[in-house]
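Contents: one structure, followed by commentary.
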């Protein structure tokens, strides 16, 4: 019997899903690492010996009601300079939000996404093309409060976002959009920048071992969600690429094989410049050919330890099984969502009163406490609807056209909700 690559992938993925969802107790019984031990990695990936770009310290205090942004009420075009918009986008997507020392919070370091025990295995990179000019015209002569055009220029290249210092570390000079476009199977012409969301597995796996891949992908998804929401509030369109030639993209960033992998690619466009379809057609590309054309780089960074293959073999297997090796393997049809039988309809009024701004909302996010202990407090029905109705928001990706509904099913288990 011939086993195809797709069969192998389904087998590895299915086995991992079954083990971590239905037999998680067996996974945890294999042992966990200890916090505060010698093998706990740093919370930050810090490159050294590379050129740096300090990002603007100006981050707006308000960007609009998050509910209205998620509903599609967005600016028609970006306002402000590109470097300031990029600074805001990176900071609110995955920036360092606050430090809370003391016994109360459990973990002192917080960013704009929750993270299991605040380990933050996600890393955020950005590729900038040759033309990175202001999104609005800047006067030729700068006054005391107006920056000149040269100060809003970000050189073409691939950068790592350093949340600890709110800066960019240059990893690769020059425009990589052609190679990156080949890797994602799309023409990226017109994109203002491209975000690449990765996971440095050992930052979480030192503790959670084989269960870690679930937590890493979950966190990466929240970072992508932040990026989509913030970019929309700034006046940009976005296109998420879930499928790409993994090894080629990883090599463009200089990631250590088997230690860190890109999980999602988000192209950011000026309003109206995003491709209309799922992807722009291009020439089929094999990963081996593209890899041969990409110069290897190994920019140095502080040692964070290495993923232990003996303790975390399932993480390595599921990561490698997800790699795509030819753009012919890309699909444009995600499985259709299961449609629930329609039962009794519970009418709930959608309450948009007050103002729930995006910026303070993201800054206030935290990772909870050691144990999840629900608060015994009734919830009003409109509050429940505010949570549920945005969970199936539309976004453009390489898996479905923007006009189609999300391919997911949302089920709510309701207890102690007024009016329901």
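In this note's numbering, the protein residues as written are 1027 to 1446.
For each residue, glycine too, the CB sits at the ideal point set by N, CA and C.
Using 8 angstroms for Cβ pairs, my map puts residue i next to residue j. What's the rounded Cβ distance?
i	j	result
residue 1187	residue 1220	Incorrect: roughly 13 angstroms between the Cβ atoms, too far for contact.
residue 1241	residue 1230	5 angstroms
residue 1416	residue 1096	5 angstroms
residue 1384	residue 1259	6 angstroms
Between the options, which has its C-alpha nearest residue i's C-alpha?
i	options	result
residue 1191	1202, 1179 and 1069	1069
residue 1424	1443, 1359, 1415 and 1391	1359
residue 1011	1430, 1435, 1334 and 1197	The question about residue 1011 has no answer, for the chain in this structure spans 1027 to 1446.
residue 1313	1270, 1093 and 1204	1270
residue 1443	1049, 1109, 1402 and 1419	1402
residue 1435	1367, 1339, 1286 and 1318	1367
residue 1370	1109, 1446, 1275 and 1330	1446
residue 1389	1396, 1123 and 1437	1123
residue 1375	1142, 1396, 1412 and 1345	1412
residue 1372	1410, 1266, 1383 and 1280	1410
residue 1441	1106, 1433, 1430 and 1400	1400
residue 1387	1236, 1137, 1341 and 1278	1137
Does the separation of the CB atoms of residue i and residue j fall below 7 angstroms?
i	j	result
residue 1295	residue 1200	no
residue 1210	residue 1184	no
residue 1377	residue 1404	no
residue 1155	residue 1182	yes
residue 1286	residue 1224	yes
residue 1327	residue 1120	no
residue 1078	residue 1195	yes
residue 1100	residue 1233	no
residue 1298	residue 1065	no
residue 1512	residue 1347	Since the first residue of the chain shown is 1027 and the last is 1446, residue 1512 is not available in this structure.
residue 1222	residue 1311	no
residue 1113	residue 1081	yes
If you reduce the DSSP assignment to three classes, tell me which class residue i lands in.
i	result
residue 1284	coil
residue 1182	coil
residue 1229	helix
residue 1164	Because the pLDDT at residue 1164 is just 38, under 50, the model does not fix this residue reliably, and the value given afterwards should be weighed accordingly. Residue 1164: coil per DSSP, three-state reduction.
residue 1255	helix
residue 1219	strand
residue 1325	coil
residue 1122	strand
residue 1246	helix
residue 1169	In this predicted model, residue 1169 has a pLDDT of only 35, less than 50, meaning its place in the structure is not dependable; the value taken from the coordinates is given anyway. Three-state DSSP puts residue 1169 in coil, outside helix and strand.
residue 1202	coil
residue 1264	strand
residue 1146	coil
residue 1310	coil
residue 1240	helix
residue 1440	coil
Extract the residue ranges of the beta strand (DSSP E) inside the region 1033 to 1085, only unbroken runs of 3 or more that lie entirely within it. 1078 to 1080
Run through the region 1371 to 1433 for me and flag every whole alpha helix (DSSP H) of 4 or more residues, listed as ranges in chain order. 1384 to 1389 and 1407 to 1414
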